[in-house]
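Everything below concerns the one structure shown next.
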Amino acid sequence: MTAVPDALPKRVRLSTLTTLGVGGEAELWVAETTGELAAATRAPYRVLGAGSNLLVADAGVGERVIKLGRAYNDVRGFGAGHGSAHDVWLGAATPLPGLVRRAAEVGWSGLEGLLGVPAVLGGAVAMNAGTRFGEMSDTLREVEVFVAGGLERLPADALGLSYRHSSLPPGAVLTRVRLRLTPSSPERVRAQLARVDAARQGQPKSKSAGCAFKNPPGDSAGRLIDAAGLKGLRVGQAVVSPEHGNFIVNIGGATAADIVRLLELIRARVGTPLRAEWELWGFGPGTLKEVTCAALSS
Ligand SMILES: Cc1cc2nc3c(=O)[nH]c(=O)nc-3n(C[C@H](O)[C@H](O)[C@H](O)COP(=O)(O)OP(=O)(O)OC[C@H]3O[C@@H](n4cnc5c(N)ncnc54)[C@H](O)[C@@H]3O)c2cc1C
Numbered sequence: 001m002t003a004v005p006d007a008l009p010k011r012v013r014l015s016t017l018t019t020l021g022v023g024g025e026a027e028l029w030v031a032e033t034t035g036e037l038a039a040a041t042r043a044p045y046r047v048l049g050a051g052s053n054l055l056v057a058d059a060g061v062g063e064r065v066i067k068l069g070r071a072y073n074d075v076r077g078f079g080a081g082h083g084s085a086h087d088v089w090l091g092a093a094t095p096l097p098g099l100v101r102r103a104a105e106v107g108w109s110g111l112e113g114l115l116g117v118p119a120v121l122g123g124a125v126a127m128n129a130g131t132r133f134g135e136m137s138d139t140l141r142e143v144e145v146f147v148a149g150g151l152e153r154l155p156a157d158a159l160g161l162s163y164r165h166s167s168l169p170p171g172a173v174l175t176r177v178r179l180r181l182t183p184s185s186p187e188r189v190r191a192q193l194a195r196v197d198a199a200r201q202g203q204p205k206s207k208s209a210g211c212a213f214k215n216p217p218g219d220s221a222g223r224l225i226d227a228a229g230l231k232g233l234r235v236g237q238a239v240v241s242p243e244h245g246n247f248i249v250n251i252g253g254a255t256a257a258d259i260v261r262l263l264e265l266i267r268a269r270v271g272t273p274l275r276a277e278w279e280l281w282g283f284g285p286g287t288l289k290e291v292t293c294a295a296l297s298s
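Using UniProt numbering, the first residue of the sequence shown is number 1, and each one after it goes up by one.
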């Protein structure tokens, strides 16, 4: 049987491409070149990174879903041949976990706070991913984006990066990012990674999309959910993690509908307004479920 080249669009279940493991079908376009990005963006589209911050509807999404292919993954070459220059351009499909590991091996500091974030660089920049130990904006200097049919470079300052937020130009696909890392030593970088790792201990291992809600100013969504006695609350196969109140886990076969109902219950029972950290795909306006999701994203 002949393998289907990545460049050809194909129908896939997004549950297979998201860490929560839920979501219906979409047409997937894997782009390896600027030309393929140009072709893929000729109809309405969404951009998928590692799918680690997404809740996708059970009915899937109508738009094309574009994923950058291997040509945009530079984890292998990272750290080699850069000499003393610590400004590096990396493809937006480079996986963050591999990058954090490689940076530690060569003794470059700046990415330690991102240990444990299962993103690719494009998604990490789009979300300004991070922890209390550091975030993407600390090292990001410049990006290359495919927008309005061509490639453009933008300084990091132009992206409006703030807590789990960026303001990319509408429709922009991040293709490459320039990071500025600080020379250090493998020992020092590893010591900082150990601190970050210790702080992540106890994080749920089941399928999730990280924290469901943003922390309200001066408080923690996880603490509020815990204080409301909601750990362990379950709808179908979706559960508020007993280990971390802000993680909703799929214990096997959860649907997006289960998860949305659980989100509604949490919001109703926690006194403080909570805003979704996840991005919700495929929940258009019109039904109760969809209205709920729109409210969650606002
Ligand atoms: C176990 C676990 C732990 C987590 N811990 C953390 C944490 O500590 N801190 C944290 O901040 N987050 C955390 N997350 C959430 C998640 O990893 C981050 O939000 C991450 O930035 C999402 O990146 P992604 O590549 O998976 O993007 P996706 O989830 O695929 O997409 C997220 C957004 O980025 C956009 N996007 C992706 N790629 C591109 C691109 N090339 N161009 C333009 N837009 C793009 C998408 O369109 C979407 O809007 C965790 C998730 C899990 C599952």
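All C-beta atoms, glycine included, are put in the ideal place defined by N, C-alpha and C.
Endpoints, alpha helix (DSSP H) assigned at residue i
i       : result
Ile-225 : 221–227
Leu-34  : Looking at the sequence provided, one finds Thr at residue 34 rather than Leu. Run containing Thr-34: 34–40, per the alpha helix (DSSP H) assignment.
Glu-105 : 96–106
Val-196 : 186–200
Ile-266 : 256–269
Val-125 : 121–126
Beta-carbon proximity check, residue i vs residue j, cutoff 8 Å
i           : j       : result
residue 301 : Val-75  : Outside the shown range of the chain (1 to 298) lies residue 301, about which nothing can therefore be said.
Ala-46      : Glu-25  : Reading off the sequence, residue 46 comes out as Arg, not Ala. No, these two residues do not count as a Cβ contact at 8 Å.
Leu-96      : Val-120 : yes
Val-189     : Val-125 : no
Leu-48      : Val-65  : yes
Glu-112     : Leu-193 : yes
Leu-114     : Gly-130 : yes
Gly-218     : Leu-174 : no
Ala-39      : Leu-68  : no
Where residue i falls, given that 16 or more other Cβ within 10 Å makes a residue buried
i           : result
Tyr-163     : exposed
Ile-251     : exposed
Gly-21      : buried
residue 352 : With the chain covering 1 to 298 only, the question about residue 352 has no answer from this structure.
Leu-161     : buried
Pro-170     : exposed
Gly-35      : exposed
Ser-185     : exposed
Thr-18      : buried
Ser-109     : buried
Element boundaries [beta strand (DSSP E), containing residue i]
i       : result
Asp-87  : 87–91
Glu-142 : 140–147
Ala-31  : 25–31
Arg-11  : 10–13
Ser-236 : Position check: residue 236 holds Gly in this sequence, whereas Ser was assumed. Element bounds for Gly-236: n/a, residue is neither H nor E.
Leu-151 : 150–155
Leu-68  : 64–68
Thr-175 : 173–180
Glu-279 : 279–281
Exercise. Is the stretch 197–211 touching the stretch 224–243 in the sense that three or more CB pairs, one from each, lie closer than 8 Å?
Worked result: Between the stretch 224–243 and the stretch 197–211 there are three or more C-beta pairs closer than 8 Å, enough to call the two in contact.
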